[in-house]
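Engineer:
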Amino acid sequence: MADKQIVRFGIVGLGNMGSNHARTFMAGGIRDAALTAVCDLRGERLGWARENVPDVRTFERASDMFASGAIDAVILAAPHYSHPPLAIEAFAHKIHVMCEKPAGVYGKQVAEMNRAAAAARKDGIVFGLMFNQRTNSLFKKMREMAQGGELGRLRRNNWLAANWYRSQLYYDSGEWRATWAGEGGGVLLNQSPHNLDLWQWICGMPKRIMAFCHEGKWHDIEVEDDVTAYAEYEDGSTGVFVASTGDPAGDNRFAITGDRGKLVFEDGGLTFCKLRVPEPEFNRTNTQPFKSPPFDRIAVETDGSDPEHAGVLQAFTDCILGRGELVARGEEGANGVMISNAMHLSSWLGRPVELPVDEDLYYDMLQKKVRAARGKTGVRKRVREAVVEDMRDSFNV
Ligand SMILES: NC(=O)c1ccc[n+]([C@@H]2O[C@H](COP(=O)([O-])OP(=O)(O)OC[C@H]3O[C@@H](n4cnc5c(N)ncnc54)[C@H](O)[C@@H]3O)[C@@H](O)[C@H]2O)c1
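One point on numbering: in the numbering used here, the residue at position 373 of the sequence shown is 354, and numbering is uninterrupted.
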């Protein structure tokens, strides 16, 4: 490290998300960290960097930036397929890695990345995942209540994560988007990785999934834009997960029911329907045939904090400097990828699939989708020069 107290960052991929991270550094948003290099295959983005993030070295190739000695840590903000190979290369240069979500597209490549991370950890290399929604105090509270026993034994969860509306213009705004070859999936790979991570972080990993992934239902795209999945857990509880980029005014409602009450995240708040007595006890002692367990409706207070991406980057920096914990360890990214792989696989096979997913089967079937895909030929006339926007309104909690 050049200066003991400053972590020097590079960014690979200076598109929508990478530029946003660059702006965070330029605004002085991360303590004891500085952006010292950026990398993008597109000259236009490097031009943007020279104008907007002066005094930062620019590279066309990630390999050159990794070998330059200009950075201690890197943020991987190129499209998903490239995350594992880039991370593995960075680890080989003893560079700390903050990987954007999703960790990768398919389990096999994520497992390979995690093996490289385990080896790098022996040299003190830190690996984090950009699960920025974990910093939201509402989700932190849900996890605390679900796992701390306040809801009792979990029975059911329902997450209607349909507030990810995207227009055709969005899908046409980059060649890689919404293609099997370029992105490896649709809403499950692009928007829902946040939800899938939180889902498993709060409710645990399912053991069986049945899913219906509708491809190109609301848009002229080859990948899924509408998903309904049913999940079963080891403890006998069940879950339903819905994601869509086609619902206008779509809902974001996450409810967890246990035998002590029901916790609901909706409209930016948390409500707890707290049973006056746990349901098993009510059921044992109740004397009225049509009576339901009485409960009190409580608005759950949190500190309201949500430092988002900057919070994840600050924790990552602090962890590198030996004074804190990561928001999400890089290896944990494998869980959400496994769930999305299971949903795809179940839908393609037309039957429930067990977790852990058969990674070879998933990989083979994904390759078949890639080979059979029409690419963007149907919409090529609409695909524009890749668009980069200020995307802060799209983070969607
Ligand atoms: N955490 C979040 O909230 C969040 C939000 C949006 C996007 N993302 C993630 O960030 C990643 C990028 O998404 P985006 O919307 O910014 O895409 P984008 O298309 O806007 O930008 C990607 C950039 O990467 C560059 N690139 C591609 N391959 C490269 C390589 N090998 N080396 C160097 N540059 C390369 C492209 O030229 C492009 O400029 C995705 O994995 C996405 O899931 C995360």
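Where is the CB? At the ideal position from N, CA and C, for every residue including glycine.
Please confirm whether any heavy atom of ligand 1 lies closer than 8 Å to the CB of M79.
Structural biologist: no
Engineer: Please determine if the segment 333 to 353 and the segment 214 to 228 are in contact, where contact requires at least 3 C-beta pairs separated by less than 8 Å.
Structural biologist: no
Engineer: So, using beta-carbon positions, are L132 and R241 closer together than 9 Å?
Structural biologist: yes
Engineer: Taking the DSSP output, what are the residues bridged to A224?
Structural biologist: A142, V208
Engineer: Can you give the Cα-Cα distance for G105 and S118, rounded to whole angstroms?
Structural biologist: When the Cα atoms are used, G105 and S118 turn out to be separated by approximately 30 Å.
Engineer: Taking just the CA atoms, how far does K82 sit from E289?
Structural biologist: 13 Å
Engineer: Please list the terminal residues of the continuous beta strand (DSSP E) segment that includes V91.
Structural biologist: Looking at the DSSP string, V91 is not in any beta strand (DSSP E); the run it does join, the alpha helix (DSSP H), is 88 to 102.
Engineer: Please go through the segment 5 to 42 and give each complete beta strand (DSSP E) segment of 3 or more residues, from N-terminal end onward.
Structural biologist: 14 to 20, 38 to 40
Engineer: On the premise that H64 lies in contact with I301, defined as a C-beta separation below 8 Å, what is that separation, rounded to the nearest angstrom?
Structural biologist: Distance from I301 to H64 at the Cβ level is roughly 19 Å; contact not present, criterion being Cβ atoms closer than 8 Å.
Engineer: Quick one: does the C-beta of M191 sit closer than 8 Å to a heavy atom of ligand 1?
Structural biologist: no
Engineer: So does S148 have its beta carbon nearer than 8 Å to some heavy atom of ligand 1?
Structural biologist: no
Engineer: Give me the Cα-Cα distance between G227 and K198, rounded to the nearest whole angstrom.
Structural biologist: 8 Å
Engineer: Do three or more CB pairs link the segment 275 to 287 to the segment -16 to -2 at distances below 8 Å?
Structural biologist: no
Engineer: Rounded to the nearest angstrom, what separates A92 and F108 at their Cα positions?
Structural biologist: 14 Å
Engineer: What residue range is occupied by the uninterrupted beta strand (DSSP E) comprising T252?
Structural biologist: 250 to 256
Engineer: Per DSSP, what kind of secondary structure is D277 in: helix, strand or coil?
Structural biologist: strand
Engineer: Quick one: residues in its chain with C-beta nearer than 6 Å to the C-beta of H175, no 5 flanking neighbours on either side, listed in chain order?
Structural biologist: If we look at H175 and ignore the five residues flanking it on each side, its Cβ neighbours are Q114.
Engineer: Could you tell me if the beta carbon of H175 falls within a distance shorter than 8 Å of some heavy atom in ligand 1?
Structural biologist: yes
Engineer: Run the proximity test for P60: is its beta-carbon closer than 8 Å to any non-hydrogen atom belonging to ligand 1?
Structural biologist: yes
Engineer: Going by beta-carbon coordinates alone, are Y87 and N322 separated by less than 9 Å?
Structural biologist: yes
Engineer: Please state the DSSP three-state secondary structure of I69.
Structural biologist: helix
Engineer: Between the C-alpha atoms of H74 and D13, what's the straight-line distance to the nearest angstrom?
Structural biologist: 22 Å
Engineer: DSSP state of F(-10), grouped into three classes?
Structural biologist: strand
Engineer: Taking the alpha helix (DSSP H) that A127 belongs to, which residues open and close that run?
Structural biologist: 118 to 128
Engineer: Against chain B, does A127 count as a neighbour if the rule is that its beta carbon must be under 9 Å from one of theirs?
Structural biologist: Among the chains of the structure shown, chain B does not appear; only one protein chain is present.
Engineer: Let me confirm a value: D178 is counted as buried when at least 16 other C-beta atoms fall within 10 Å, else exposed. Which label applies?
Structural biologist: It counts as buried.
Engineer: Does DSSP put E203 in a helix, a strand or coil?
Structural biologist: coil
Engineer: Can you give, in chain order, each stretch of the alpha helix (DSSP H) that sits fully within the segment 288 to 359 and has at least 4 residues?
Structural biologist: 289 to 301, 314 to 330, 340 to 353
Engineer: Looking at the secondary structure, which residues open and close the beta strand (DSSP E) in which R234 lies?
Structural biologist: 233 to 239
Engineer: May I have the straight-line CA-CA distance separating Q172 from N(-3), to the nearest angstrom?
Structural biologist: Each residue's Cα considered, the two are about 14 Å apart.
Engineer: Should N(-3) be counted as a contact of ligand 1 given a C-beta to heavy atom distance under 8 Å?
Structural biologist: yes
Engineer: Locate the alpha helix (DSSP H) running through R115, then write down its first and last residues.
Structural biologist: Where R115 is concerned, there is no enclosing alpha helix (DSSP H), given that its DSSP letter is neither H nor E.
Engineer: Exposed or buried, which one is F47 when buried takes at least 16 other CB atoms within 10 Å?
Structural biologist: buried
Engineer: Quick one, are the C-beta atoms of W140 and W182 less than 9 Å apart?
Structural biologist: No, the Cβ-Cβ distance between W140 and W182 is not below 9 Å.
Engineer: Of the residues W157, F40, L244, which one's Cα is nearest the Cα of R137?
Structural biologist: L244
Engineer: Within the continuous beta strand (DSSP E) that includes F263, where are the two ends?
Structural biologist: It is not in any beta strand (DSSP E) - F263 instead sits in the alpha helix (DSSP H) that spans 260 to 266.
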